[in-house]
Amino acid sequence: MKKLNIISYNIHKGMNPQGTKFILKEMREHLRAINADIVFLQEVIGQNTKSKHELDLWPDHNQVEYLAHDYWPHIAYGANKLHQKGHHGNAILSKFPIENIVNFDLTTNRFEHRGLLSADLDIGLNIPFHLFSTHLNLLESGRIAQTEKIISIIEEKTKDQSPLLLCGDFNDWRKTIIQKLNQDLSLLEIFHHHEGDLIKSFPSFLPGLSLDRIFYKNLEAIQAQGLKEGPWKKLSDHLPLLAEFQIKLKD
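Counting along the sequence shown from 1, when you hit position 127 you're at 129 in this note's numbering, and nothing is skipped either side.
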């Protein structure tokens, strides 16, 4: 048996909750201190030439490479929002090799550009281990359509016995997606299933809404927590979610 620690975190493009200060360096330091095996990220800037020239401490590498550098050697990135100066999207950082990286477009309107980043984890199993990082719409009608598309993608891509993690910012403040994903895919949300209720993760300085989720399948959940204390209230506008799972390796 092997334990696996993961984080899901909307990093607000490396800005503080108010969007007034660039604090990616502090985010990197505190994320590394947790020592997670896999990090699922949303609102990560892949390129922004304007910010590079205007903001102090903007890294020479893109944000994904900067966060992962010398710590998580395997990365996946999927751009969702493209603009004249660059792009941002979802990412996965991993201590273990990842392969079969695909970025699925979930965009439903011209105002919200969303995606589902998919990758397979190579951790010594005899079956695929599927990873998904996503960020859904603010509008509920869009979230409903995006959830249906995610279900179709996962049904086509995965097998019933394969371990699976689907993490991200679902913007599901009405808490309607859990039942649908459980009913159609047998996915469990770790806080809802293991702790008895969803974790409030937004805004970070006074959490009142449950927007972020960690869904899983064919894994044993050990524990989960929202990182509410210390610096986390002053970093992104979301709190990071931390979870620990147990997996069975092949003989």
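For glycine and all other residues, C-beta sits at the position ideal for the given N, C-alpha and C. Computed from a predicted model, the values in this text were never measured in an experiment.
{"Item": "Rounded straight-line distance, which links the Cα of Asn139 to that of Gly80", "Value": "16 Å"}
{"Item": "Bridge partner(s) assigned by DSSP for Thr136", "Value": "Leu118 and Gly170"}
{"Item": "Buried versus exposed call for Asp2 [16 or more other C-beta atoms within 10 Å across all chains shown]", "Value": "The displayed coordinates of the chain run from 3 to 253. Any statement about residue 2 would go beyond what the structure contains."}
{"Item": "Beta-bridge partners of Leu95, as assigned by DSSP", "Value": "Val41 and Ile77"}
{"Item": "Rounded C-alpha distance that separates Ala223 from Gln248", "Value": "7 Å"}
{"Item": "Whether Gln44 touches His137 by CB criterion (9 Å)", "Value": "yes"}
{"Item": "Inter-residue spacing [alpha-carbon to alpha-carbon] between Ile192 and Arg215", "Value": "8 Å"}
{"Item": "Gln148 versus Ser188 - alpha carbon distance", "Value": "18 Å"}
{"Item": "Alpha-carbon to alpha-carbon, Ser203 and Gly170", "Value": "11 Å"}
{"Item": "Residue nearest to Gly210 in terms of C-alpha spacing, selected from Pro130, Ala93 and Leu200", "Value": "Leu200"}
{"Item": "Integer Cβ distance of Lys230 from Asn18, believed to fall under 8 Å", "Value": "Rounded, the Cβ-Cβ distance is 16 Å, inconsistent with contact."}
{"Item": "Span of the alpha helix (DSSP H), counted from its first residue to its last, around Gln181", "Value": "Ile179 to Leu187"}
{"Item": "Presumed contact (8 Å Cβ cut-off) between Val46 and Ala93, rounded CB distance", "Value": "5 Å"}
{"Item": "Distance CB(His76)-CB(Ser96) smaller than 9 Å", "Value": "yes"}
{"Item": "Nearest-angstrom Cα separation, counted from Phe42 out to Asn82", "Value": "15 Å"}
{"Item": "Per-residue DSSP class, three states only, for Ser10", "Value": "strand"}
{"Item": "Classification of Phe24 by the beta-carbon crowding that lies within 10 angstroms, buried from 16 upward", "Value": "buried"}
{"Item": "Unbroken beta strand (DSSP E) run spanning Leu244, endpoints", "Value": "Leu243 to Ile249"}
{"Item": "Check whether Ile40 and Leu119 have beta carbons under 9 Å apart", "Value": "no"}
{"Item": "One or two residues paired with Leu254 in a DSSP bridge", "Value": "Nothing can be reported for residue 254: it is not among the residues displayed for the chain, which extend from 3 to 253."}
{"Item": "Segment limits, alpha helix (DSSP H) that includes Ile152", "Value": "Glu142 to Lys159"}
{"Item": "Coarse secondary structure for Lys236, derived from DSSP in three states", "Value": "helix"}
{"Item": "Bounding residues of the beta strand (DSSP E) (the contiguous stretch that carries Glu101)", "Value": "Ile100 to Asp107"}
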